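**Q**
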Amino acid sequence: MMTVNKQFLITSGNGKTGRRISRKLTTMGYAVRIASRGANPPFDWYDQQTWKDAFNNITDVYI
49 MMTVNKQFLI
59 TSGNGKTGRR
69 ISRKLTTMGY
79 AVRIASRGAN
89 PPFDWYDQQT
99 WKDAFNNITD
109 VYI
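Here our numbering is used: the first residue of the sequence shown is 49, the next is one more, and so on.
Written out as structure tokens, the structure reads:
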């Protein structure tokens with residue numbers, strides 16, 4: 049059986065739902081990255097230059 053290491057990108061991760069999803073995934077042992085302009089790396093829907101770094105090594109996205 050193959051093991052898959054998932055890393056989630058959560059948009060609006062600082063909002064009510066995003067925070068809950070992030071907390072649940074972290075509790076389950078998954079790696080979580082919060083997508084926001086103030087994050088490292090930054091993410092902005094309207095700036096495509098931020099997308100590559102934000103999505104680097106991401107396997108799943110919660111929008």
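For each residue, glycine too, the CB sits at the ideal point set by N, CA and C. Computed from a predicted structure; not experimentally measured.
What residue does the beta strand (DSSP E) around F56 start on, and which one ends it?
**A** Q55 to T59
**Q** Please classify R115: does DSSP put it in a helix, a strand, or coil?
**A** Shown here, the chain extends from 49 to 111; a query on residue 115 therefore has no answer.
**Q** When burial is assigned at 16 or more other CB atoms within 10 Å of the CB, is I112 buried or exposed?
**A** The first residue shown for the chain is 49 and the last is 111, placing residue 112 beyond what the model contains.
**Q** Based on DSSP bridge pairs, tell me the residues matched to R81.
**A** L57
**Q** Since Q97 and R81 should fall inside the 8 Å C-beta cutoff, what is the C-beta to C-beta distance between them, to a whole number of angstroms?
**A** R81 and Q97 do not touch by the CB rule: their CB atoms are close to 17 Å apart, not below 8 Å.
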